[in-house]
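Mapping of the sequence shown onto my numbering: position 85 corresponds to residue 85, and the numbering continues sequentially without gaps. Cβ coordinates follow ideal geometry from the N, Cα and C atoms, glycine included.
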Amino acid sequence: MARRGGFPGGMPGNMNNIMKQAQKMQKQMAEAQQALEEKEHTAKAGGGAVEVTVNGKHEIVSVKLAEEVVDPDDIEMLQDLIIAATNEAMRMVDEDSQQTMSKFTGGLGLGF
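Written out as structure tokens, the structure is:
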């Protein structure tokens, strides 16, 4: 008579190991995500005249302006420098996040 189930005696143990590995990976991913959110990235523009720091949650933490960049007759330049520094800092956050999470996804392109 043919047996049912296909994997006599072996599957429950293997499944438990797989579940433990998945839980361990999930915990490591959560820890990595928390660390990424707390990490800060700083970018500069205008030769360092504008410095913007953002955290891993894409929140601006600080903006530093050199005194000489504050010209009331050229507000547009200051605005452009702030935008440039902010965009670069945000790009740094995204790149760091992608590199860190790809360690867990193995390049599966899951889009974290």
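- Residues 51 of the same chain have their beta carbon placed closer than 7 angstroms to that of residue 64, with the five preceding and five following residues left out of the count.
- Residue 27 carries a helical assignment under DSSP once its states are collapsed to helix, strand and coil.
- For residue 44, DSSP records a beta bridge to 51.
- Scanning the region 52-97 from its first residue to its last, the whole beta strand (DSSP E) runs of 3-plus residues come out as 60-65.
- When only Cα atoms are considered, residue 87 and residue 38 end up about 18 angstroms apart.
- The residues 69, 81, in chain order, have a CB closer than 7 angstroms to that of residue 46 in the same chain once the five nearest residues on each side in sequence are set aside.
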